[in-house]
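Per the numbering used here, residue 145 is the first one in the sequence shown, and the count goes up by one each step. In what follows, a structure is listed as C-alpha cells, so that the remarks can point back to it.
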Amino acid sequence: MVLFQQMVIMFLFIVTGFFCGKKNIISESVSKSFSWIILNLANPALILNAAIQNCTTVKLSSLGYVFVLSLILYLSLIILGEIFPRLMKIQKADRGIFRLMIVFSNIAFMGFPILNTTFGSKAVLYASVFQFPFNLLIYTYGIKVMDSENGEFRISKMLNSGIIACSLSLLIYLVKFRCPFILSQSLIYMGNMAMPLSMLVIGTSLLSFNIRNLFMDPILLIFSFLKLIVIPSAVLLLAKHILNDSLIFGVLLVMISTPVASMCPLMAQQYGGNHSLASKGVAVTTLLSVLTMPLINWIFTSLL
C-alpha cells in the first residue's frame, strides 16, 4: 500500500508538470532552472538533513558494513552500465543515459518512505549510508558520463554542492552534531522541494515524445526488464547466502528494486544529454515498478 501510494503521488506531480508544460506555464527555461535548484540546493539539503535526523546509537561497524556492501554493488552496476549499451548496440549519443539509468535508482524519493514505514528509522539510517555512494557518484561519475559525451568534462566540476553536502553529512554523523532548530527546519523545507520539483520537470519533458508510444520502445522495455527484474533478482540471490541480518537485507531489497532515479533526466538536462530518453526511462520503470517491486518483495521474503 505504501509503495502504491508513493507511485500515485509521484505520477500526480508528473501529470501536473505535463499539463503545465503543455500550457507553457512551465517553459523550457523555467524547467532548466528547476533542475538547477534541485541539483544544487534541494538535493544537497536532503543529504544534510538525512545525517542530522539519523544521529542514533547504531554501531559504526554496521554502518561500515552497509557502506562496503553499497560500494561493491555500485561498482558492479557501473561495469554492467559499460556492457549493456554496447551489447544492445545503442547509439553512442545515448549510451551515457543508459549508463546513468542502470547505476542510479530512485532510492531517496521512493526507498526512504517505504523503509521508514516498513522497518522504522534504523532502516532509514542504513539507507542513508547506502545512499552516500549514490550522492558521491551522481555528482562525479554522473557529470563525467554526461559531459564526456559532449567533450566538456572538467575535473573542477567534481567540487560541487553535492560533494560538499556528502562530506558534511558524514562529518555531522561522526561528531553527532546537534543542529539548531532553525537550520534543521530550513533544510527540511528546502529538501522537501526536491521530489515535487523533479516530478514537475519530468512531466514537462514528456511533451517531447508521444505518450501513446511510451511502451513501444523495445530497447527501453528490455532495459526495464534488466533494471527491475534481472538485476534485483541476481543481487538478492547472492545476498541471501551472504547476509545474516534481515534488516540490512530488507534495506538492500528496497534499494535495488526501485526504478530509475529522477536525478537522471535532471542531470541530462543540466549537462546537455538526452533528457527526453531519461524521462521516458523514469516514467516506464516507475510505472512498471508498481508491479515488479511487490513481486520481488514477495519472492524473496516468502519463497526463499
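Backbone N, C-alpha and C fix where the C-beta goes; we use that ideal spot for every residue, glycine too. All of these numbers come straight from a predicted model, not from anything done at the bench.
- A contact between stretches requires three or more CB pairs, one per stretch, nearer than 8 Å, and the segment 338 to 352 meets this requirement with the segment 178 to 190.
- Counting the other CB atoms within 10 Å of its CB gives HIS419 a total of 16 or more, which places it among the buried residues.
- Boundaries for ASN250: no alpha helix (DSSP H) harbours it, and the DSSP string shows neither H nor E there.
- Beta-bridge partners of VAL404 (DSSP): SER249.
- The Cβ atoms of PHE162 and LEU351 sit closer than 8 Å to each other.
- Of the candidates PRO376, ASN388, ASN357, THR284, the residue whose Cα lies closest to the Cα of SER401 is PRO376.
- Beyond the five residues adjoining it in sequence on each side, VAL152 comes within less than 7 Å, by CB distance, of no other residue in the same chain.
- Scanning its chain for C-beta atoms nearer than 7 Å, with the 5 sequence neighbours on each side dropped, one finds around LEU224 the residues ILE246, in chain order.
- Secondary structure of HIS385 (DSSP, three-state): coil.
- Between the alpha carbons of SER423 and ASN336 lies a distance of about 21 Å.
- For secondary structure counted as the alpha helix (DSSP H) over 4 or more consecutive residues, the segment 344 to 373 holds these complete runs in sequence order: 362 to 369.
- In this chain, the alpha helix (DSSP H) harbouring LYS176 covers 172 to 181.
- Taking the Cα positions, GLU226 is about 9 Å away from GLY240.
- LEU192 sits close to ALA309, with the two beta carbons spaced by under 8 Å.
- In the three-state scheme derived from DSSP, where H, G and I count as helix and E and B as strand, MET337 is classed as coil.
- Judged by their CB atoms, GLN414 and LEU185 are not nearer to each other than the 8 Å cut-off.
- The residue among VAL268, VAL273, SER171, VAL159 with its C-alpha nearest the C-alpha of GLY208 is VAL273.
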